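Residue numbers (full-length UniProt numbering): 1 to 502.
No residue lacks a Cβ here, since even glycine has one placed at the ideal position from N, Cα and C.
Small disclaimer: the values here were computed from a predicted structure and weren't measured.
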Ligand SMILES: Cc1cc2nc3c(=O)[nH]c(=O)nc-3n(C[C@H](O)[C@H](O)[C@H](O)COP(=O)(O)OP(=O)(O)OC[C@H]3O[C@@H](n4cnc5c(N)ncnc54)[C@H](O)[C@@H]3O)c2cc1C
């Protein structure tokens with residue numbers, strides 16, 4: 001069915017009010033913008049619902065008029081999509097502008113219920129207003145990013161509550177046919193446990209709504225952690241690129257035995273100093289990638305080595321956590337190469353303080369300095385899994401360095417380590433204003449994707465412009481998802497193509 005945009009927008013105005021639609025060229029351009037090599041993806045307009053009932057009306061009208069929709073909550077998905085839809089012409093449903101209430105905070109059972117527009121900064125401020133008795137997990141990305149949107153993209157943070165999908169409980173979802181579904185125990189009228197009993201009764205449905213196009217989530221429960229009285233980070237700097245294998249071997253038992261409660265970050269030099277510096281073209285005679293000598297000079301400027309290891313302990317007092325920090329010193333010093341950096345010392349450095357913030361559930365804008373490492377502000381995330389085995393991590397490092405360097409880019413990576421796997425956050429930074437560099441970044445991304453896939457390694461999340469290619473790597477899954485899509489969205493109105501699901 002050919003889309004009829006004008007009658008659709010007129011009907012939305014009639015049902016939701018005149019302020020609920022914007023099709024002006026400036027708005028369309030703003031919502032089409034992203035940081036990816038694939039280019040901007042302008043929608044045909046933006047609608048602003050104020051309630052789940054409004055979302056139901058929009059979805060029903062989309063079915064009537066053959067219009068496709070793209071849900072966005074806060075639209076801060078920088079380096080993965082930002083505000084733009086996966087295909088031009090999809091109508092952005094901006095849930096965040098008018099649905100941005102913290103519906104509830106239960107301080108006894110430690111959870112919040114949020115609407116799509118609630119940002120990390122907003123929840124942090126509200127918890128602060130209530131005396132910081134509870135702590136949320138946060139990303140190291142934009143503080144104006146949203147708790148619900150990040151969870152639905154399988155985003156993650158760094159505290160023990162890092163797994164945002166795992167720590168969410170009970171969704172309210174508008175299905176593509178307009179019905180309202182409440183997951184967990186929410187289907188029971190008057191349910192008192194929708195945000196407590198994650199798996200509910202029967203098959204677990206919540207997973208259908210993450211990284212998918214099977215529903216628009218209008219409300220979500222998120223679990224919070226009692227804020228510990230004392231949070232103390234530890235840092236170790238390692239001098240050489242080759243140290244990565246040893247570091248991973250040292251980190252694995254700490255996570256496997258649950259000695260360290262946070263995830264442990266292993267941050268590369270460029271990822272660390274790139275938050276403060278921009279590419280020093282004057283020192284490289286305009287050449288890329290960054291020569292080793294200049295990289296070393298910049299490391300030294302920030303007191304860094306090739307790798308920065310960080311994590312944190314929580315406890316009732318300084319005295320309680322000090323022995324744990326000492327245990328870390330003894331553990332990492334065994335390598336003979338580590339240099340210890342204390343929490344107090346790290347607090348004096350903007351580069352290191354980012355990690356203290358994220359281990360403390362405090363949003364920070366400082367990591368976004370990375371977006372200006374190269375002029376032109378282009379960024380795209382490559383997010384493979386690396387098994388927690390030193391030898392494999394070393395092979396992955398070599399593979400990434402080679403491919404990035406062949407394309408004129410440097411390795412900016414953070415291995416975020418759990419017991420068995422680390423998520424290797426590669427940020428590919430490039431000049432989006434230069435057509436040649438944009439195309440080179442696109443080729444580089446695909447080369448990384450192919451090389452890792454050939455090594456049996458998948459990514460966890462993908463930028464909009466490659467979601468189709470990434471889904472194409474999987475056997476059987478795309479067909480199963482298409483069958484689910486046809487069953488739940490027979491007219492195909494909700495974000496066709498998102499995560500490669502048609
Ligand atoms: C320097 C830097 C550091 C970063 N660090 C992190 C990090 O530590 N962890 C991390 O996870 N990310 C990180 N990011 C990536 C990104 O910026 C964040 O994940 C951000 O929170 C996501 O954007 P958002 O919350 O505004 O979600 P949105 O842009 O609103 O949505 C994200 C996705 O969810 C879908 N969606 C949104 N709302 C709904 C809905 N109601 N129903 C159905 N689908 C919906 C959207 O279609 C989109 O695909 C970082 C980015 C940068 C630049």
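{"Item": "Inter-stretch contact (C-beta, 8 Å, three-pair minimum) for the segment 117 to 127 and the segment 141 to 149", "Value": "yes"}
{"Item": "Helix, strand or coil at residue 231 [DSSP, three-state]", "Value": "strand"}
{"Item": "Inter-stretch contact at 8 Å, needing at least 3 Cβ pairs: the segment 214 to 229 / the segment 122 to 137", "Value": "yes"}
{"Item": "Distance between beta carbons of residue 263 and residue 390, contact taken as under 8 Å", "Value": "So it is not a contact: roughly 18 Å between Cβ atoms."}
{"Item": "Per-residue burial, residue 176 [other beta carbons within 10 Å of its own, 16 or more giving buried]", "Value": "buried"}
{"Item": "Endpoints, beta strand (DSSP E) assigned at residue 389", "Value": "From DSSP, residue 389 is part of no beta strand (DSSP E); its letter is neither H nor E."}
{"Item": "Among 457, 501 and 499, nearest to residue 383 - alpha-carbon criterion", "Value": "457"}
{"Item": "Rounded separation between residue 193 and residue 320 - CA only", "Value": "35 Å"}
{"Item": "Neighbourhood of residue 173 by C-beta, 8 Å cutoff - its chain only, sequence neighbours within 5 removed", "Value": "180, 181, 182, 183, 209, 215, 216, 217 and 218"}
{"Item": "Ligand 3 heavy atom lying under 6 Å from the CB of residue 182", "Value": "By its list of ligands, the structure shown excludes ligand 3, since it contains just ligand 1."}
{"Item": "At least 3 beta-carbon pairs within less than 8 Å: the segment 368 to 382 vs the segment 427 to 441", "Value": "yes"}
{"Item": "Residue nearest to residue 358 in terms of C-alpha spacing, selected from 287, 139, 277 and 34", "Value": "139"}
{"Item": "Limits of the unbroken beta strand (DSSP E) element including residue 426", "Value": "421 to 430"}
{"Item": "Candidates 43, 49 and 195: closest to residue 95 by CA position", "Value": "49"}
{"Item": "Alpha-carbon spacing of residue 125 relative to residue 222, whole angstroms", "Value": "16 Å"}
{"Item": "Coarse secondary structure for residue 509, derived from DSSP in three states", "Value": "In the structure as shown, the chain begins at 1 and stops at 502. Residue 509 is therefore absent and cannot be evaluated."}
{"Item": "Nonlocal neighbours in the same chain, by C-beta distance under 6 Å from residue 83, ignoring five residues either side", "Value": "31, 72 and 75"}
{"Item": "Which of helix, strand or coil DSSP assigns to residue 182", "Value": "strand"}
{"Item": "Range covered by the beta strand (DSSP E) that runs through residue 312", "Value": "307 to 315"}
{"Item": "Residues near residue 274 in its chain [Cβ-Cβ closer than 6 Å; skip 5 each side]", "Value": "370, 373 and 412"}
{"Item": "Cβ-based neighbour list, residue 57, same chain, cut-off 6 Å, excluding 5 preceding and 5 following", "Value": "15"}
{"Item": "Residues that DSSP places opposite residue 146 in a beta bridge", "Value": "119"}
{"Item": "Residue nearest to residue 305 in terms of C-alpha spacing, selected from 323, 285 and 272", "Value": "272"}
{"Item": "Span separating the alpha-carbon of residue 245 from that of residue 423", "Value": "15 Å"}
{"Item": "Selected residue, minimal CA-CA separation from residue 258, among 159, 52 and 189", "Value": "159"}
{"Item": "Buried versus exposed, by CB contacts within 10 Å (16 or more), residue 240", "Value": "exposed"}
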